[in-house]
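One line per chain: the protein sequences are A and B, in this order. The working numbering puts the first residue of the first sequence at 1, with every later residue one more than the last. The working numbering puts the first residue of the second sequence at 1001, with every later residue one more than the last. Idealized CB from N, CA, C, for every residue including glycine.
2 protein chains.
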Amino acid sequence: MADFDLLRRLTLDTGGKIVLLVMDGLGGLPREQGGPTELEAAHTPNLDRLACEGSIGLSIPVARGITPGSGPAHLALFGYDPLKYEIGRGVLEATGIGLEVNPGDVAIRGNFCTIDENGIITDRRAGRISTEEGAKRVELLRDIKIPGIEIDIDIAKEYRFAMVMRGEGLNGAIADTDPQRTGVAPLSATPMDPAAQRTAELVNQWLDAARERLKGQEPANMATLRGFAMEPGLPKYADVYKLRAACVAVYPMYKGVSRLVGMDVIQTTAHDTTLDEFEHVARIWNDYDFIFCHIKYTDSRGEDGDFDAKVKVIEGVDEALPRLMDLNPDVLVVTGDHSTPATYRAHSWHPVPTLLWAPGTHMPDRGCAFAERECMIGALGQFPAVDLMPLALAHARRIAKFGA
Amino acid sequence: MADFDLLRRLTLDTGGKIVLLVMDGLGGLPREQGGPTELEAAHTPNLDRLACEGSIGLSIPVARGITPGSGPAHLALFGYDPLKYEIGRGVLEATGIGLEVNPGDVAIRGNFCTIDENGIITDRRAGRISTEEGAKRVELLRDIKIPGIEIDIDIAKEYRFAMVMRGEGLNGAIADTDPQRTGVAPLSATPMDPAAQRTAELVNQWLDAARERLKGQEPANMATLRGFAMEPGLPKYADVYKLRAACVAVYPMYKGVSRLVGMDVIQTTAHDTTLDEFEHVARIWNDYDFIFCHIKYTDSRGEDGDFDAKVKVIEGVDEALPRLMDLNPDVLVVTGDHSTPATYRAHSWHPVPTLLWAPGTHMPDRGCAFAERECMIGALGQFPAVDLMPLALAHARRIAKFGA
C-alpha cells in the first residue's frame, strides 16, 4: 500500500510495542524433489508455537518474479514501495560500509584503477588489489582537504571504496568519472544539472588531490568515482508511523537503511550472536515502540549454498527466541527480506514465510508450523511486503478507523 | 505488474526455454452441487504429475468479477495490462479472421446492410444473410482500387466482414459510418482528428465504390464501417522480455494477437489436433526461447454447454502432453486465458487453474492434482494473469536482481 498520507492521518501513538525480526534470505527451496526447504527442515519448536497461535502467510518482496537486492527488500519490509523509493548506489555502498549519510550529503562509490604515464587507464580495477592494499590507499586519501566541505571515506572491498561529501548546497547530479573502458583517461566530474556545477568542481579538486597522493602507488595509482547520489529523503518512521524506532543489526548496510528511515541505530559488535542481539533489544526495550532486529547469517549460509548450515542458523534463532518473548511484545513479526535458497546460492524472487503474532488481535488459521507450505494456507495469504508495516501497526492497535 | 521499463532493464537472454500452453476457457464449474468441475472430472495423469512436482495456483484474467474476451485475456497472459493496452475492435476482428495488421495499417469492421431506393437503411444486418452469401458480396468488393493504398478484405461471419487499409500516412481516428438505427442513410466517414482527413476521404471513395458494386445485391446492397483502429504498437517480446517467441495456434485470432506482441506465427492447418500442434512446437524447438501453444476446443465445448466433451478435450491434451515434455522445456506453464464453464455456455470471470513446472526453481506446495480446488492451496496463490510472464521468466532464470 505505502500510502503515507493515509498512514500519517490514521496512525496513533498508543504505546503498543512491535518487534520486527528479520532473518535475511529466510525463504528456501527443497534440496531434492519432494524434500523439505531449509525452514521446513529446521527444528523450530518456538517459532512453530508462535505460528500455531498467530497468523502466517507469504510476503512478496517487490513483485512476482522480481528478485530484490537487500536495499529494496528492506525498504519494502519497512513499508516503502521499492519501485517508488530508490536508494542511490553511492548511498547504498556508503551506508553498507558504515559511513553516515545525512540529508544534503552526496555519497559516491569509488574504484582504484591503474593509469600509465600519460594518464590513460590500463586497468579499471587496479589488478583487483586486496582489501588490505585498498585500505592503505584509502589512508593516503583520508585527509585530503577541500575548502567548505567535509569528506568521509572508507574502503569497501578490494579496489572499491565509498565516500561521503558533506556541506552546504551540494548536489548529486554528477556523471560517473569511470569511462567504463581502458585506453582512455578518467573523465572529469561533469554536472548533469546546472545546480551541480559547484559540487562537480569540488569533486574535481578532490580528484586532482587524489591523483597527486596516489602517484607511484601502482597498480592503484588513480581513482574513478561513480554512483553519485544524495541522501534519498525518505519519509521517517516517527512522522509516518508515530513510532520511536530502533535498529539492532550487525552488518552496516542494514544499519544504513534503517538510519535512512529514521530509526536509531543501536551499537553492536561484528561478532554479536543472535542472543547478543536479543540482549540489545532487551536493553533498549523501554525506550522504543518498534525494534527492527536483523539476523544476517541465514542469507550468508544460503549464499554459501550450505543447506545444513542455513538450517542450523534458523534453529539457533529459534533457540534464542524465548529471550525476545520474555519482553512481552504486543506484536512480533518474523520474516525474511527475500528468499536465498541454498540450492541457488543467491537471492531469489520466491515469496517469504511470514509470521505475525499478536495475542488477542491476530486471526487464527490452519497453519501450525513456521514453514513455506504451512504459510500457503495461513491467514495472511500471499501479500506484498510493503503491506507488512500497516498490518503490524494495526495488530498493535496503532491505526485509527478510516472514515465514519 | 506489467512494468515494462523495469522488465526491459532486468530481463536476460540466458537461453532458458519457456512453453506457455493455453487451454482456452480452461476453468469450469460443477454441473451439479457438490460435483467436480470439468478439469476435476478429467482423468489427467500427466498434468497431475506436473502439478504435484510443480507450483500451482489460480490466475485472475483482468480483475475480480470481470469476464474477459479472448483479446484482453490473452494480452494479460502475455504480460500486458489489458486495462492499459487495448486492441481496437477493427484490429481484433481483422486479426481474428487472419488478415495481417501491421504498424501504420487501419483495420475496420464492416456490416452488410439493406438500403431502399432512397439510400435509407431498412435493415442494419442485411437480413442476417448466411456466411456463404456474405462471402459472395465480399468477392464483389475485393478488387476495389483506391489510388495510393492497398486493401485487404475478408468475410468474418454472416453479414460481418473485416478490412485492412495499408499505405503512407493513414490515420484511424474516424467515426463509425453505421448510424446504429434504421430509417436514415449510412453516414459518411468523418475524421475525429484533422490528421485523419485524408484517410476519411479514401474511406468515402471506397464506400462509393462499394455502393456501386452492391447495387441489386439485396438484401445486402450496401455496407457500413465501424471500429476503425490502428495497429496498437504494443511493446514487443524481443524488446521487453528478450525472448525469441513463436505462436502455435489454429485459430486466426490467437495468431493475430501473438503477431501484435512480436511473436512469429507458425503455419498450422485448421484441422490440426493437439498432437499436431505439439509436433509443430517440436519442429521449431531450436529456433525459439518461448513458444505459446494454444488449444481452442476446451473453450468451444464450454461454449456449447457440453460438459463431457470439454472433459474429453482436456483428457486429449493430457494424453498428448508427453510429446511436449520430451522437449525438456526449462519452464512449462499450463493455464487458460479465462474460464468457460459448460454450465454457462460462455466466458466467465472465475480464476483459472494454472500450473508452473520448472524443475529446481519452483516452490513445492500442497496441491497434487491439476484441478480448481487443488490450485486454491498452491504455491502461486491467486494472482493477476499479467504476473504470469514475470513468473515464467524468473523460473527460467531470465530476470536479473533488482537493486543491490
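Taking 7 Å as the CB threshold, B:Gly1054 stays off the interface with chain A. For A:Thr274, the uninterrupted alpha helix (DSSP H) segment begins and ends at Thr274 to Ile284. Taking a Cβ-Cβ threshold of 9 Å, the residues of chain B close to A:Ala63 are Met1001, Asp1003, Leu1006, Asp1387, Pro1390 and Phe1402, in chain order. Residue pairing by DSSP puts B:Leu1355 in a beta bridge opposite B:Ile1056 and B:Val1334. One alpha carbon belongs to B:Ala1173, the other to B:Ala1196, and they sit about 6 Å apart. Taking a contact to require three or more Cβ pairs closer than 8 Å, the stretch 1002-1019 of chain B and the stretch 387-403 of chain A do not qualify as touching. Look at B:Cys1247 here: in three-state DSSP terms it is strand. Between the beta-carbon of A:Ala220 and that of A:Phe112 there is about 4 Å, and that keeps the pair under the 8 Å contact cut. Looking at the DSSP output, A:Phe112 bridges to A:Ala223.
Note: A:Pro30 is not bridge-paired with any residue in the DSSP secondary-structure output. Straight through space, the alpha carbons of A:Arg8 and A:Ala394 are spaced by roughly 13 Å.
The beta carbon of B:Leu1207 is closer than 8 Å to those of Thr1177, Pro1186, Ser1188, Ala1189, Ala1223 and Leu1225 in its chain, skipping five residues each way along the sequence.
For B:Asp1048, the CB contacts under 6 Å within the same chain, skipping 5 residues up- and downstream, are Ala1369 and Phe1370 in chain order. If you draw a straight line from the Cα of A:Lys242 to the Cα of A:Phe290, it comes to about 10 Å. With fewer than 16 other Cβ atoms from the protein chains shown falling within 10 Å of its own Cβ, A:Glu32 counts as exposed.
By the Cβ-count criterion, B:Met1363 is buried, with 16 or more other Cβ atoms from all chains shown falling within 10 Å of its own Cβ. At a cut-off of 7 Å, the C-beta of A:Arg373 has a neighbouring C-beta in chain B.
With a cut-off of 8 Å on Cβ pairs, the stretch 330-342 of chain A is not in contact with the stretch 1335-1346 of chain B, counting fewer than three such pairs. Beta bridge pairing from DSSP links A:Thr340 with no other residue. Rounded to the nearest whole angstrom, the CA to CA distance from B:Arg1064 to A:Asp387 is 20 Å. Taking A:Ala358 as reference, the option from A:Ser55, A:Gly27 and A:Asn171 with the minimal CA-CA separation is A:Ser55. With its beta carbon at least 7 Å from every one in chain A, B:Gly1079 lies outside the interface. Under a 10 Å Cβ-count criterion, A:Asp308 is classified as exposed, with fewer than 16 other Cβ atoms of the shown protein chains found around its own Cβ. Shown here, B:Phe1307 sits in a helix according to DSSP, grouped into three states. A:Ser70 and A:Pro390 have their alpha carbons spaced roughly 21 Å apart.
Going by DSSP, B:Gly1381 is part of the beta strand (DSSP E) stretching over Gly1381 to Pro1384. Measuring C-alpha to C-alpha distances from A:Thr37 to each of A:Glu372, A:Thr182, A:Leu141 and A:Ala76 identifies A:Glu372 as the nearest. Distances from the CA of B:Val1352 to each of B:Pro1061, B:Leu1275 and B:Ala1042 were compared; the closest alpha carbon is that of B:Pro1061. By the beta-carbon neighbour count (other beta carbons within 10 angstroms, threshold 16), A:Asp318 is buried. Using a 10 angstroms sphere on the CB of A:Asn171, the tally of other CB atoms reaches 16 or more, which defines it as buried. Here DSSP, grouped into helix, strand and coil, assigns B:Arg1160 to strand.
DSSP places A:Ser348 within a strand segment (E or B) once states are collapsed to three.
Any Cβ of chain A closer than 7 Å to the Cβ of B:Arg1366 would place that residue at the interface, and such an atom is present.
Not a single CB atom of chain B sits nearer than 7 Å to the CB of A:Met230. By the criterion of a C-beta distance shorter than 6 Å, A:Ile151 is surrounded in its chain by Met165, once the five residues flanking it on both sides are discounted. Taking C-alpha positions only, A:Ser339 is separated from A:Ser59 by approximately 10 Å.
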